[in-house]
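Colleague:
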Amino acid sequence: MKVSIILGTRPEIIKFSPIILEFERLGIDYFILHSGQHYSYSLDRVFFEQLGLPEARYNLDVGSGSHGLQTGKMLIGIEDVLKRESPDVVLVQGDTNTTLAGALAAVKLHIPVGHVEAGLRSYDRSMPEEINRLLADHCSDLLFAPTEKARQILAEEGIPEDRIFVTGNTVVDALYRNLRLAEDRREVLSRLGLKEHEFFLATIHRQENVDEKERLSKILCGLKFVNERFGFPVVYPVHPRAAKRMKQFCLKPKGVRLIEPLDYFSFLLLEKYARLVLTDSGGVQEETCILHVPCVTLRYNTERPEALEVGSNILAGIEPNNILEKTEIMLKSKCDWPNPFGDGKAGSRIVRILIEKFGETNLRRH
Ligand code: UD1
Ligand code: UDP
């Protein structure tokens with residue numbers, strides 16, 4: 008079996024890491040194809056270094072741009088590499104433009120596609136991620152659904168049951184594997200002047216939230232309200248998309264501490280010791296649930312209803328008073344919910360399924 012892993016953004020690197028490390032352990036023949044969608048050190052290289060991942064064999068360096076431009080450049084570059092390498096299977100993860108380009112390029116070359124984190128749906132087609140995940144799922148031959156709910160969604164969309172595997176989400180594997188290492192980073196709390204369980208953590212980066220001045224202003228106002236009402240600092244590691252927009256819209260948030268995007272260990276540590284997290288991130292909704300930290304999601308829908316169902320997460324939208332009200336509700340939580348996202352063995356399960364389908368022969372050619 009020869010596998011091509013296609014990735015390009017922060018969450019893909021983190022969520023692919025358990026699979027990559029399992030391939031390394033077993034000596035499977037695989038290579039990483041990086042689209043270059045994320046390229047800043049703090050969104051890309053830092054995760055390869057920290058997670059101990061090997062270099063990508065290819066980096067297409069597509070960089071930023073409009074959806075069509077970025078996805079189009081990726082398609083051209085990925086097709087070229089796949090033709091040269093002829094892998095037995097291509098793996099994509101999640102719902103980014105890299106995910107879509109990888110799945111589409113491969114399926115058109117008749118190379119089987121495995122989609123890790125298949126079957127998530129927000130049913131909001133205005134989100135670029137919804138289009139990406141829907142199309143990636145329908146290009147795929149192997150659909151690795153993180154939960155039973157995701158499996159059901161795929162089956163209801165007509166995907167044959169024998170292509171769907173409920174594996175758990177690799178985000179759990181990555182978190183379990185790295186939390187102890189993150190604990191060694193405790194100095195990050197004192198460096199930021201934070202006390203355990205006496206601060207709020209925020210992340211906002213989604214296109215629909217940050218690209219519109221009014222929406223972003225409302226969210227920042229909500230964070231200010233939360234800071235004023237509860238008196239805890241609000242720490243916000245700012246994604247470059249949000250940083251660019253704040254600058255462009257001349258927004259100078261009050262009651263919020265803006266910091267650079269964090270490395271994975273430092274971010275996990277802040278998540279673990281936050282009193283509560285306010286976010287529009289998909290991965291952060293999952294991680295807070297696993298860490299038993301209450302989460303307020305600054306959106307009107309989510310493709311991760313499992314966290315809402317167990318009570319670790321609540322949808323607040325973007326109106327400042329609603330953000331305040333939902334924060335108040337979540338602060339009363341006992342935080343004793345079960346983790347619906349898996350047992351931390353999703354990566355090895357996925358690799359086992361791949362070996363069953365494509366055989367273990369062709370171990371890495373040195
Ligand atoms: C992308 C994904 C989103 C995912 C997020 C993870 C799509 C459509 N969106 O959003 O689903 O949640 O990654 O973080 O694929 N920029 C930099 N440095 C970088 C990368 C981007 O400064 O390394 C800036 C550029 O100004 C760029 C902007 O961020 O225009 C947006 O980057 P882009 O990759 O288009 O989307 P993300 O918002 O990162
Ligand atoms: N993350 C990080 N540093 C940060 C913010 C997030 O390491 O400053 C990690 C976080 O632990 C999670 C992932 O990035 O695993 C989430 O990525 P992001 O929010 O960018 O994307 P999404 O999950 O929304 O697609």
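If you count by our numbering, then the sequence shown holds residues 8 to 373, one letter each, in order. Every residue gets a Cβ at the ideal spot worked out from N, C-alpha and C, and that includes glycine. Quantities reported herein were computed from a predicted structural model and do not represent experimental measurements.
(1) Please state whether the Cβ-Cβ distance between S47 and G15 is less than 9 angstroms.
(2) Among the residues of its own chain, which have a CB less than 6 angstroms from the CB of H373, if the five just before and after it don't count?
(3) Got a sec: does ligand 2 put a non-hydrogen atom nearer than 8 angstroms to the Cβ of K225?
(4) Need the endpoints of the beta strand (DSSP E) that R264 sits in, please.
(5) When the Cα atoms are used, what is the spatial distance from D68 to D102?
(6) Can you confirm whether S355, when its beta carbon is compared against all beta carbons of chain C, has any partner nearer than 9 angstroms?
(7) Verify whether the separation of the beta carbon atoms of L107 and N139 is less than 9 angstroms.
(8) Excluding sequence positions up to five away, which residues of its chain have a Cβ less than 8 angstroms from the Cβ of Q74?
(9) Using only the heavy atoms of ligand 1, determine whether one of them is closer than 8 angstroms to the beta carbon of G289.
(10) How is V69 classed by DSSP in three states: helix, strand or coil?
(11) Which of the three DSSP states, helix, strand or coil, is assigned to A249?
(12) Measure the CB-CB distance between V300 and R282 and report whether it falls below 9 angstroms.
(13) Any heavy atom of ligand 1 closer than 8 angstroms to the beta-carbon of L196?
(14) Express the C-alpha separation of P119 and A110 in angstroms, rounding to a whole number.
(15) Which first and last residues belong to the beta strand (DSSP E) in which G121 is found?
(16) With DSSP as the reference, label N234 as helix, strand or coil.
(17) Hey, quick one: how far does the beta strand (DSSP E) through P244 stretch, first residue to last?
(18) DSSP has Q100 in a bridge; who is on the other side?
(19) Between which two residues does the beta strand (DSSP E) harbouring H41 extend?
(20) Do you know how far the Cα of R248 is from the Cα of P268?
(21) Helix, strand or coil, according to DSSP, for I211 in the structure here?
(22) Relative to the alpha-carbon of R198, which residue among L33, L276, T78 and V88 has its alpha-carbon at the smallest distance?
(23) Where L370 and E92 are concerned, what is the direct C-alpha to C-alpha distance, given to the nearest angstrom?
(24) So, under 8 angstroms CB-CB, V241 and V263 are touching, yes? Tell me the CB distance rounded to an integer number of Å.
(25) Work out the CA separation of K339 and S319 for me, nearest whole Å.
(26) When you measure from the CB of K251 to every non-hydrogen atom of ligand 1, does any distance come out below 8 angstroms?
(27) Which residue's Cα is closest to the Cα of Y243: L208, S273 and E221?
(28) How is Y342 classed by DSSP in three states: helix, strand or coil?
(29) Just to confirm, are M253 and L285 a CB contact at a threshold of 9 angstroms?
(30) Can you tell me the Cα-Cα spacing of S24 and V178, whole angstroms?
(31) How close, in whole Å, do the beta carbons of Y37 and I12 come, if the pair is a contact with beta carbons under 8 angstroms?
(32) Kindly indicate the opening and closing residues of the beta strand (DSSP E) around R13.
(33) Would you say D180 touches ligand 2, meaning its beta carbon is less than 8 angstroms from a heavy atom?
(34) Would you tell me roughly how many angstroms separate the C-alpha atoms of I266 and I85, rounded to the nearest one?
(35) Please report how far the alpha carbon of E367 lies from the alpha carbon of D95, in whole angstroms.
(36) Quick check on C228: does DSSP put it in helix, strand or coil?
Modeller: According to the data block:
(1) Here residue 47 corresponds to residue number 40 of the sequence shown, with the count starting at 1. Here residue 15 corresponds to residue number 8 of the sequence shown, with the count starting at 1. In this structure, S47 lies away from G15, with their beta-carbon atoms at least 9 angstroms apart.
(2) The sequence position of residue 373 within the sequence shown is 366, counting from 1. Caution applies to H373, whose pLDDT of 36 falls short of 50 and renders its modelled position unreliable; the model cannot decide the point.
(3) Sequence index remark: in the sequence shown, residue 225 carries index 218 (1-based). No; taking the cut-off as 8 angstroms, the Cβ of K225 has no heavy atom of ligand 2 nearer than that.
(4) Within the sequence shown, residue 264 is the residue found at index 257, counting from 1. Counting along the chain, the beta strand (DSSP E) containing R264 begins and ends at R264 to I266.
(5) Here residue 68 refers to the residue found at position 61 of the sequence shown. Here residue 102 refers to the residue found at position 95 of the sequence shown. Looking at the two C-alpha atoms, the distance is approximately 19 angstroms.
(6) In the structure shown, chain C cannot be found, because there is only a single protein chain.
(7) Working through the sequence shown from its first residue, we reach residue 107 at position 100. Working through the sequence shown from its first residue, we reach residue 139 at position 132. Result yes, Cβ atoms of L107 and N139 sit closer than 9 angstroms.
(8) Counting from one through the sequence shown, the residue named residue 74 turns up at place 67. What sits at residue 74 in the sequence shown is His, not Gln. Excluding residues up to 5 positions away in sequence, N104 and P135 lie with their Cβ nearer than 8 angstroms to the Cβ of H74 in the same chain.
(9) Stepping through the sequence shown from its first residue, residue 289 is reached at position 282. Answer for G289: yes, Cβ within range of ligand 1.
(10) Start at 1 with the first residue of the sequence shown, and residue 69 comes out as number 62. Note: V69 maps to coil in three-state DSSP.
(11) To locate residue 249, count along the sequence shown from 1; it is residue 242. Of the three classes helix, strand and coil, the one that applies to A249 here is helix, per DSSP.
(12) Reading the sequence shown from its first residue, position 293 is the one you call residue 300. Reading the sequence shown from its first residue, position 275 is the one you call residue 282. Taking C-beta atoms as the reference points, V300 and R282 count as a pair closer than 9 angstroms.
(13) Here the question's residue 196 lines up with position 189 in the sequence shown. L196 Cβ: outside cutoff for every heavy atom of ligand 1.
(14) Working through the sequence shown from its first residue, we reach residue 110 at position 103. Working through the sequence shown from its first residue, we reach residue 119 at position 112. Approximately 9 angstroms, taken between the alpha carbons.
(15) On the sequence shown, position 114 is the one that residue 121 refers to. Note, G121: beta strand (DSSP E), V120 to V123.
(16) Along the sequence shown, read from residue 1 onward, the residue named residue 234 stands at position 227. Helix, per DSSP.
(17) Locating residue 244 in the sequence shown gives position 237, where the first residue counts as 1. Start and end: V241 to P244.
(18) As a first step, residue 100 must be located in the sequence shown, where it is residue number 93. DSSP lists V123 as partners of Q100.
(19) Translated into the one-based positions of the sequence shown, residue 41 becomes position 34. Per DSSP, the continuous beta strand (DSSP E) segment holding H41 begins and ends at D36 to H41.
(20) Reading the sequence shown from its first residue, position 261 is the one you call residue 268. Reading the sequence shown from its first residue, position 241 is the one you call residue 248. Roughly 11 angstroms separates the two Cα atoms.
(21) Position 204 of the sequence shown holds residue 211. If DSSP states are grouped into helix, strand and coil, I211 belongs with coil.
(22) By 1-based counting over the sequence shown, the position of residue 198 is 191. Residue L276 is the option with its Cα nearest to R198.
(23) Taking the sequence shown and counting its residues from 1, one reaches residue 370 at position 363. Taking the sequence shown and counting its residues from 1, one reaches residue 92 at position 85. Residue placement at L370 is poorly supported in this model, since its pLDDT is 46, which falls under 50; the coordinates are not used for a value here.
(24) As a first step, residue 241 must be located in the sequence shown, where it is residue number 234. As a first step, residue 263 must be located in the sequence shown, where it is residue number 256. So it is a contact: roughly 5 angstroms between Cβ atoms.
(25) Sequence index remark: in the sequence shown, residue 319 carries index 312 (1-based). Sequence index remark: in the sequence shown, residue 339 carries index 332 (1-based). Looking at the two C-alpha atoms, the distance is approximately 11 angstroms.
(26) Locating residue 251 in the sequence shown gives position 244, where the first residue counts as 1. With a cut-off of 8 angstroms, the C-beta of K251 is classified as near ligand 1, since at least one heavy atom of the ligand falls inside that distance.
(27) Indexing the sequence shown from 1 puts residue 243 at position 236. Answer by Cα proximity: L208.
(28) The residue labelled residue 342 in the question sits at position 335 within the sequence shown. The sequence given here places Cys at residue 342; Tyr does not occur at that position. In the structure shown, C342 sits in coil (DSSP, three-state: anything other than H, G, I, E or B).
(29) Here residue 253 corresponds to residue number 246 of the sequence shown, with the count starting at 1. Here residue 285 corresponds to residue number 278 of the sequence shown, with the count starting at 1. Contact: no.
(30) Numbered from its first residue, the sequence shown carries residue 24 at position 17. Numbered from its first residue, the sequence shown carries residue 178 at position 171. C-alpha separation (whole angstroms): 9 angstroms.
(31) Counted from its first residue, the sequence shown places residue 37 at position 30. Counted from its first residue, the sequence shown places residue 12 at position 5. Indeed they touch by this definition, with Cβ atoms about 6 angstroms apart.
(32) Your numbering for residue 13 matches position 6 in the sequence shown. Reading off the sequence, residue 13 comes out as Ile, not Arg. Secondary structure note for I13: its beta strand (DSSP E) is the uninterrupted segment K9 to L14.
(33) Translated into positions along the sequence shown, residue 180 becomes position 173. For ligand 2, not one heavy atom lies less than 8 angstroms from the Cβ of D180.
(34) Position 259 of the sequence shown holds residue 266. Position 78 of the sequence shown holds residue 85. Taking the straight line from one Cα to the other gives about 34 angstroms.
(35) As a first step, residue 367 is located in the sequence shown; it is residue number 360 there, counting from the start. As a first step, residue 95 is located in the sequence shown; it is residue number 88 there, counting from the start. Their backbone Cα atoms lie some 11 angstroms apart in a straight line.
(36) Your numbering for residue 228 matches position 221 in the sequence shown. Three-state DSSP puts C228 in a helix.
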